[in-house]
Amino acid sequence: MVIANIISYVLVLIGALNWGLYGMFDFNFVSWVFRGPRTVGSIIIYVLITLAAVWLIISPIISGNGLRLNVRKQESEVK
């Protein structure tokens with residue numbers, strides 16, 4: 202699950218950078234790389250970024266840990 206989280210974080214960061222570039226400079230990086238917004242490559246990247254974002258939303262629920270913003274030792278580890 203750690204590898205899936207790392208890949209998801211990277212994909213979501215790519216998506217965020219793409220949105221930032223689009224918002225500030227009207228430049229869509231993904232469309233530029235794949236030579237168009239509706240090409241097969243662009244659509245695949247957009248779908249992967251969407252799935253990565255959904256994974257990051259549901260993975261804390263699946264793991265049962267919830268969303269933790271800081272690392273704390275569990276009580277069983279402290280004793």
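If you're matching positions, the sequence shown starts at 202 in the numbering used here and goes up one per residue.
C-beta: ideal position from N, C-alpha, C; glycine also.
This structure is a prediction, so every number in the text was calculated from the model and none was measured.
Beta-carbon proximity of residue i to residue j, cut-off 7 Å
i       : j       : result
Ala-253 : Val-203 : no
Asn-219 : Val-231 : yes
For residue i, the nearest candidate out of the options (CA to CA)
i       : options                               : result
Gly-216 : Gly-265, Pro-261, Thr-240 and Ile-245 : Ile-245
Ile-208 : Arg-236, Val-255, Tyr-223 and Phe-226 : Val-255
Any non-hydrogen atom of the ligand MG within 6 Å of residue i CB
i       : result
Ile-259 : The ligand content of the structure shown is nil, which means the ligand MG is not present either.
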